[in-house]
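Using numbering that gives the first Met the number 0, the first residue of the sequence shown is number 0, and each one after it goes up by one.
Positions of the beta carbon are idealized from the N, C-alpha and C atoms, including for glycine.
Take a look at the structure below.
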Amino acid sequence: MQVKIHSIHFDADSKLVHFVQGRVDKLNQFYDGIIEGEVFLRLDNASNHENKVAEIRLSLPGNELFAKRQCKSFEEATDTAIEALRRQVRKYKSKHGHA
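Spelled out as structure tokens, the structure:
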């Protein structure tokens, strides 16, 4: 699976990029038919501390899955978005009869 990571209005350090890449790659354990992953990391202009946003889109055969989470850190936002996508992938597999 190819993963594209975009950081909007800031420069993500390599540690964050590797963290996100690793988390998205782990989704292949649940379904190896994922074609592509695209991640958008951005800072929200909200006045509260939970201003780190992770948006993740997965392309599957005939479908797209999407999750968006806003948390105090990009790592936390990524983890919660990945967990939501993990549930969506399982649901996709059960509906489409993939073992």
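Close Cβ partners of residue i (< 7 Å) along its chain, the five nearest in sequence each way excluded
i, result
"residue 85", "26 and 29"
"residue 41", "7, 8 and 52"
Residues near residue i by beta carbon distance below 8 Å, same chain, minus five either side
i, result
"residue 44", "50"
"residue 60", "32 and 34"
"residue 36", "0, 1, 2, 3, 23, 26, 55, 56, 57 and 58"
"residue 64", "56, 57, 84, 87, 88 and 91"
Same chain only: Cβ atoms within 6 Å of residue i, ignoring 5 sequence neighbours per side
i, result
"residue 54", "39 and 67"
"residue 19", "4, 38 and 77"
Closest by C-alpha distance to residue i, when choosing among the options
i, options, result
"residue 0", "58, 65, 89 and 82", "58"
"residue 82", "23, 62 and 63", "23"
C-alpha distance - residue i paired with residue j, whole-angstrom precision
i, j, result
"residue 91", "residue 9", "34 Å"
"residue 94", "residue 69", "29 Å"
"residue 75", "residue 11", "15 Å"
"residue 144", "residue 15", "This structure does not reach residue 144, given that the chain is present from 0 up to 98, and the question cannot be answered."
"residue 21", "residue 62", "23 Å"
"residue 96", "residue 13", "38 Å"
*Whole beta strand (DSSP E) runs in the stretch 34-96 with 3 or more residues, listed along the chain?*
Within the stretch 34-96, complete beta strand (DSSP E) segments of at least 3 residues are found at 35-42, 51-59 and 62-70, given in chain order.
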